[in-house]
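Trainee: One structure, pasted below without further comment.
Number of protein chains: 2
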Amino acid sequence: MSATFSQWMGDIQQRTESALDRALPGADIAPTRLHDAMRYAVLGGGKRVRPLLVHAGGQLTGAAPERLDRVACAIEMIHAYSLVHDDMPCMDDDVLRRGKPTVHVEYDEATALLVGDALQTQAFLHLADGAVCDDPQRQIAMIRQLAQASGSRGMCGGQAIDLGSVGQQLTLPELEFMHIHKTGALIRASINLGVQCGRSLDEAQMASLDHVGKVIGLLFQVVDDILDAEADTATLGKTAGKDAANDKPTYVSLLGVTRARELAEEMCQEALDRLAPFGDSSQRLAELTRFIIRRQF
Amino acid sequence: MSATFSQWMGDIQQRTESALDRALPGADIAPTRLHDAMRYAVLGGGKRVRPLLVHAGGQLTGAAPERLDRVACAIEMIHAYSLVHDDMPCMDDDVLRRGKPTVHVEYDEATALLVGDALQTQAFLHLADGAVCDDPQRQIAMIRQLAQASGSRGMCGGQAIDLGSVGQQLTLPELEFMHIHKTGALIRASINLGVQCGRSLDEAQMASLDHVGKVIGLLFQVVDDILDAEADTATLGKTAGKDAANDKPTYVSLLGVTRARELAEEMCQEALDRLAPFGDSSQRLAELTRFIIRRQF
Numbered sequence: 001m002s003a004t005f006s007q008w009m010g011d012i013q014q015r016t017e018s019a020l021d022r023a024l025p026g027a028d029i030a031p032t033r034l035h036d037a038m039r040y041a042v043l044g045g046g047k048r049v050r051p052l053l054v055h056a057g058g059q060l061t062g063a064a065p066e067r068l069d070r071v072a073c074a075i076e077m078i079h080a081y082s083l084v085h086d087d088m089p090c091m092d093d094d095v096l097r098r099g100k101p102t103v104h105v106e107y108d109e110a111t112a113l114l115v116g117d118a119l120q121t122q123a124f125l126h127l128a129d130g131a132v133c134d135d136p137q138r139q140i141a142m143i144r145q146l147a148q149a150s151g152s153r154g155m156c157g158g159q160a161i162d163l164g165s166v167g168q169q170l171t172l173p174e175l176e177f178m179h180i181h182k183t184g185a186l187i188r189a190s191i192n193l194g195v196q197c198g199r200s201l202d203e204a205q206m207a208s209l210d211h212v213g214k215v216i217g218l219l220f221q222v223v224d225d226i227l228d229a230e231a232d233t234a235t236l237g238k239t240a241g242k243d244a245a246n247d248k249p250t251y252v253s254l255l256g257v258t259r260a261r262e263l264a265e266e267m268c269q270e271a272l273d274r275l276a277p278f279g280d281s282s283q284r285l286a287e288l289t290r291f292i293i294r295r296q297f
Numbered sequence: 298m299s300a301t302f303s304q305w306m307g308d309i310q311q312r313t314e315s316a317l318d319r320a321l322p323g324a325d326i327a328p329t330r331l332h333d334a335m336r337y338a339v340l341g342g343g344k345r346v347r348p349l350l351v352h353a354g355g356q357l358t359g360a361a362p363e364r365l366d367r368v369a370c371a372i373e374m375i376h377a378y379s380l381v382h383d384d385m386p387c388m389d390d391d392v393l394r395r396g397k398p399t400v401h402v403e404y405d406e407a408t409a410l411l412v413g414d415a416l417q418t419q420a421f422l423h424l425a426d427g428a429v430c431d432d433p434q435r436q437i438a439m440i441r442q443l444a445q446a447s448g449s450r451g452m453c454g455g456q457a458i459d460l461g462s463v464g465q466q467l468t469l470p471e472l473e474f475m476h477i478h479k480t481g482a483l484i485r486a487s488i489n490l491g492v493q494c495g496r497s498l499d500e501a502q503m504a505s506l507d508h509v510g511k512v513i514g515l516l517f518q519v520v521d522d523i524l525d526a527e528a529d530t531a532t533l534g535k536t537a538g539k540d541a542a543n544d545k546p547t548y549v550s551l552l553g554v555t556r557a558r559e560l561a562e563e564m565c566q567e568a569l570d571r572l573a574p575f576g577d578s579s580q581r582l583a584e585l586t587r588f589i590i591r592r593q594f
């Protein structure tokens, strides 16, 4: 607890990088080009927001860091696969990600397709390949939760709604529904799965933390929309302004920057209020919430 | 046991269709277009070879049909996702599958990408969403085995090797290595996972059945190569002769049709010899092996 938030964040980012390096097949193992590309897509970049949320969630139940690493790697692989596929020509057709050429640009389209496919499989393999809690039934439930959060009624469904919304005028509830699925589901699962790596909480506590996860997921997206509208490509490490260029509805296009900022502040406060009863054990999650609203990248 | 093989096969195909129908989100659930396309990709077609293998494997250990349905659906969803992605323009660029337009033709490329992604997730969700055996630790191991069979060191890795082999002159061991991964891994897993739904076998029995699965997997591919070279598109329900057109190495291109047929007979006999000690409980798997070598589609 003595480390500052920034030291803690650096530590988690570093241990996540190292855990991901071990969790992915080596680039010397056949098929080498595929494994090399999978490593390219996952390693050496990213803010590791979801692993940070897993570890912050784990603090609430005193979970072992090694278990949290396993969950964090699985979730980060799901996130990375979604970025690889999202960047492909038939989706967002983007050439830059985390300051580097996207996978289909660096390798080729067919490899990018397989990289995304194999990373998703690797996520479930990793989550089933070691203990993440004391109860195997709970581990099966956690695998199920990761699948729910990333499947057709979670992240992947959000992508599909996003596809269908290009050039559409969405209402605020429709936009929220899309984001609760597209980015929100995996962020929410990050906290929930981190929490489940440790001691059991009662149902009301679990429900409260689940709500915090939902709010942080939306907060993350509101901030993302503000950054996309305001930051430049060099700072973001990915193509800026592409929402407007792609005629995609965002919180900014719907509410304007000023109201979007206010909304973010309200969401942040709601999450902090919900975390207060958990006292010191919610320190990192509270700090992370404040960090998300302040982030510039 | 009184049903003929063809009655048994019809029964398994029918109950698989019905189990898949229940295992997939309804086309009326949002996002409706994605769910509709997922159902299009999975339902109303296919020989259901892998579900048949799951149920034949389950006969060896007296497994409950409902548990076998769950495993069969998960494996069939993995198989279906791989077909959807394999047919995309950046891979095989095929327009016909199971006698119908492929998903990216019937819908669009972005939807096909998401359909494949979401079907893979749905497979893991389904396998973690109900009991498939008595021991939760074994269920976790089964989830792990499905992931191993379908990931970068299984099916997906085989696809990557296949990609890299176009226009290459492969040796027979290299071709075998590719197919053990590309088609073999999931066929092998179908039998192994079916077996694990029932009572426990000793290690030697498990290893013997695993070997049978490996042989049947290769047999299936040899027959596939012969059919691709000889049958016509209408009979296959998918584009015939595309291996030669794509300059892909096959058992036929490497060995010629006559030797490929002999090899298939040898493999079939090896599998049957291994199954003999299991007596009556191996009836369906033995029948299925003989069916695979005789199949015309």
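Chains as they are written, first to last, in the working numbering: chain L, 1 to 297; chain S, 298 to 594.
Idealized CB from N, CA, C, for every residue including glycine.
Who are the neighbours of S/A425 on chain L, taking C-beta pairs under 7 Å?
Mentor: As a working mapping, residue 425 of chain S is identified with position 128 in the second sequence. Chain L residues near S/A425: I140, I143, R144 and A147.
Trainee: Quick one: Cα of L/V105 to Cα of L/T16, how far?
Mentor: Indexing the first sequence from 1 puts residue 105 of chain L at position 105. Indexing the first sequence from 1 puts residue 16 of chain L at position 16. Computed Cα separation, rounded: 26 Å.
Trainee: Going by Cα to Cα distance, which pick from L/A204, L/I140, L/L60 and L/G45 is closest to L/R97?
Mentor: Taking the first residue of the first sequence as 1, we reach residue 97 of chain L at position 97. Considering only alpha carbons, the answer is L/G45.
Trainee: Give me the Cβ distance between S/G448 and L/T121, rounded to the nearest whole Å; I'm assuming they're in contact under 8 Å.
Mentor: Taking the first residue of the second sequence as 1, we reach residue 448 of chain S at position 151. Taking the first residue of the first sequence as 1, we reach residue 121 of chain L at position 121. That belief holds up - the Cβ atoms of S/G448 and L/T121 are roughly 4 Å apart, short of 8 Å.
Trainee: By the 7 Å beta-carbon criterion, what residues does the segment 153 to 175 of chain L contribute toward chain S?
Mentor: Within the segment 153 to 175 of chain L, the qualifying residues are R153, C156, G157, Q159, A160, I161, L163 and G164.
Trainee: Could you name the residues of the same chain whose beta carbon sits closer than 7 Å to that of S/V512, not counting the 5 residues immediately before and after it, in chain order?
Mentor: Here residue 512 of chain S is taken as the residue at index 215 of the second sequence, counted from 1. Answer for S/V512: M564, E567 and A568, listed in chain order.
Trainee: Pull up the DSSP beta-bridge partners for L/A101, would you.
Mentor: Looking up residue 101 of chain L in the first sequence gives position 101. One detail in the question is off: residue 101 of chain L reads as Pro in this sequence, not Ala. Looking at the DSSP assignment, L/P101 forms a beta bridge with L/L96.
Trainee: Are the C-beta atoms of L/H179 and some chain S residue less than 7 Å apart?
Mentor: Position 179 of the first sequence, counted from the start, is the residue given in the question as residue 179 of chain L. Output row for L/H179: interface = no.
Trainee: Quick one: give me the first and last residue of the alpha helix (DSSP H) that S/G413 is part of.
Mentor: The count along the second sequence starts at 1 and reaches residue 413 of chain S at position 116. Residues E406 to L424.
Trainee: Counting only beta-carbon separations shorter than 7 Å, does L/A64 have a partner in chain S?
Mentor: Residue 64 of chain L sits at position 64 when you count from the first residue of the first sequence. Answer no: the Cβ-Cβ gap between L/A64 and chain S never drops below 7 Å.
Trainee: Are the C-beta atoms of S/S487 and some chain L residue less than 7 Å apart?
Mentor: For this step, residue 487 of chain S is matched to residue 190 along the second sequence. So no, S/S487 is outside the interface.
Trainee: Could you pull the start and end residues of the alpha helix (DSSP H) that L/F5 belongs to?
Mentor: In the first sequence, the residue the question calls residue 5 of chain L occupies position 5. Per DSSP, L/F5 belongs to the alpha helix (DSSP H) from F5 to A23.
Trainee: At a cut of 8 Å, does the segment 429 to 441 of chain S reach the segment 449 to 461 of chain S through at least three beta carbon pairs?
Mentor: Segments in contact, no.
Trainee: Where do the ends of the alpha helix (DSSP H) carrying S/R336 lie?
Mentor: Here residue 336 of chain S refers to the residue found at position 39 of the second sequence. That run of the alpha helix (DSSP H) goes T329 to V339.
Trainee: Do S/Q356 and S/R581 come within 7 Å of each other at the CB atom, strictly closer than that value?
Mentor: One-based indexing of the second sequence puts residue 581 of chain S at position 284. One-based indexing of the second sequence puts residue 356 of chain S at position 59. In contact: S/R581 and S/Q356 (Cβ atoms closer than 7 Å).
Trainee: So which residues on chain S does L/Q196 lean against when the C-beta distance must stay under 8 Å?
Mentor: In the first sequence, residue 196 of chain L corresponds to position 196, counting from 1. Simply none; closest approach about 14 Å.
Trainee: What is the DSSP secondary structure of S/V429, counted as helix, strand or coil?
Mentor: Sequence index remark: in the second sequence, residue 429 of chain S carries index 132 (1-based). Note: S/V429 maps to coil in three-state DSSP.
Trainee: Once the 5 residues before and after L/L263 are set aside, which same chain residues still bring their CB inside 8 Å of it?
Mentor: Taking the first sequence and counting its residues from 1, the one referred to as residue 263 of chain L is at position 263. If we look at L/L263 and ignore the five residues flanking it on each side, its Cβ neighbours are V222, Y251 and L255.
Trainee: Smallest Cα separation from S/L340: which of S/M306, S/V368, S/Y378 and S/D544?
Mentor: As a position in the second sequence, residue 340 of chain S is number 43, starting the count at 1. Taking only the C-alpha atoms, the option nearest S/L340 is S/Y378.
Trainee: If you draw a straight line from the C-alpha of L/S165 to the C-alpha of L/E176, how long is it?
Mentor: Counting from one through the first sequence, the residue named residue 165 of chain L turns up at place 165. Counting from one through the first sequence, the residue named residue 176 of chain L turns up at place 176. Distance between the alpha carbons of L/S165 and L/E176 is about 12 Å.
Trainee: Which residue wins for smallest C-alpha separation from L/D142, given the options L/Q196, L/A110, L/V115 and L/E109?
Mentor: Taking the first residue of the first sequence as 1, we reach residue 142 of chain L at position 142. Here the sequence assigns Met to residue 142 of chain L, which means Asp is not the residue at that position. Nearest of L/Q196, L/A110, L/V115 and L/E109 to L/M142, Cα basis: L/Q196.
Trainee: Could you check where the alpha helix (DSSP H) with S/L515 kicks off and where it finishes?
Mentor: As a first step, residue 515 of chain S is located in the second sequence; it is residue number 218 there, counting from the start. S/L515 -> alpha helix (DSSP H) spans E500 to E527.
Trainee: At what residue ranges does the segment 545 to 574 of chain S contain a whole run of the alpha helix (DSSP H), taking only runs of 4 or more?
Mentor: Runs of the alpha helix (DSSP H) inside the segment 545 to 574 of chain S: 548 to 552 and 554 to 572.
Trainee: May I ask you to report which of helix, strand or coil DSSP gives S/T468?
Mentor: The residue labelled residue 468 of chain S in the question sits at position 171 within the second sequence. Note: S/T468 maps to coil in three-state DSSP.
Trainee: Using a threshold of 6 Å, is the CB atom of S/A482 nearer than that to any non-hydrogen atom of the ligand MG?
Mentor: By its list of ligands, the structure shown contains no ligand whatsoever, and the ligand MG lies outside what it can speak to.
Trainee: If you reduce the DSSP assignment to three classes, tell me which class S/I437 lands in.
Mentor: Against the second sequence, residue 437 of chain S aligns to sequence position 140. Three-state DSSP puts S/I437 in a helix.
Trainee: So L/P144 packs on S/A486, CB below 8 Å; how close in whole Å?
Mentor: Here residue 144 of chain L corresponds to residue number 144 of the first sequence, with the count starting at 1. Here residue 486 of chain S corresponds to residue number 189 of the second sequence, with the count starting at 1. With the sequence shown as reference, residue 144 of chain L is identified as Arg, and Pro is not the correct amino acid for it. Their Cβ separation, rounded to whole angstroms, is 20 Å, which puts L/R144 and S/A486 out of contact at 8 Å.
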